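Report on the structure given below.
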Amino acid sequence: MRNPMRKQRGTAIVELALAIPTLLLLTCIVTEFGRAIYQYGSITESVRDATRYLAIQTPDTHRTEARNLVVYGNTQGTGAPLALGLRTANVPDPTWQTIGSGPAINTVTVSVTGYTFIPLFPSVFGTAFNNIIYGPISATMRAPS
């Protein structure tokens with residue numbers, strides 16, 4: 001009598017060989033999606049920090065420092081950018097605005113435009129991961145009176 005388990009020998013390795021590409025593809029997709037969300041959050045937080053910084057400054061001053069704060073996380077502009085490919089050219093001039101009267105409300109707005117997320121894996125098993133161009137990221141804050 002033959003052993004019925006003998007026919008099953010090697011099936012686990014074949015199933016694993018079929019499953020590994022799918023699992024790797026899913027892992028890469030989740031990794032890139034997580035990186036994209038993380039970079040978006042980092043840029044958003046740095047824009048808020050720059051807006052807070054400018055809100056306590058004299059209007060129409062410290063533009064360069066605010067750009068450096070968005071890109072590098074410090075006003076000196078030293079170190080690596082907070083997000084891969086983020087440049088000061090992606091940070092347009094901050095805008096100040098006075099709204100209303102009695103009392104007037106002064107606001108400052110900082111934004112990032114045209115930032116492109118570049119994936120670590122351009123292609124996995126023939127599946128291409130395209131660059132993602134983020135929409136404008138901006139923050140507006142009221143300046144103390």
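Sequence positions in the sequence shown follow our numbering and run 1 to 145.
C-beta: ideal position from N, C-alpha, C; glycine also.
All values derive from a computational prediction rather than experimental measurement.
- Below 8 angstroms, too few C-beta pairs join the segment 16-27 and the segment 56-74 to call them touching: fewer than three.
- Restricting attention to Ile-29, Leu-86 and Asn-90, the CA atom closest to the CA of Gly-126 is found in Ile-29.
- Per DSSP, the continuous beta strand (DSSP E) segment holding Arg-142 begins and ends at 137-142.
- Going by beta carbons, Tyr-115 and Gly-85 fall inside the 9 angstroms limit.
- Pairing Asn-131 with Val-112 gives a Cβ-Cβ distance that is not under 9 angstroms.
- Taking 9 angstroms as the cut-off, the Cβ atoms of Leu-54 and Ala-66 count as close.
- Taken through DSSP and simplified to helix, strand or coil, Ala-128 comes out as strand.
- DSSP places Val-91 outside both helix and strand once states are collapsed to three, so it counts as coil.
- Under the three-state reduction of DSSP, Ile-133 is assigned to strand.
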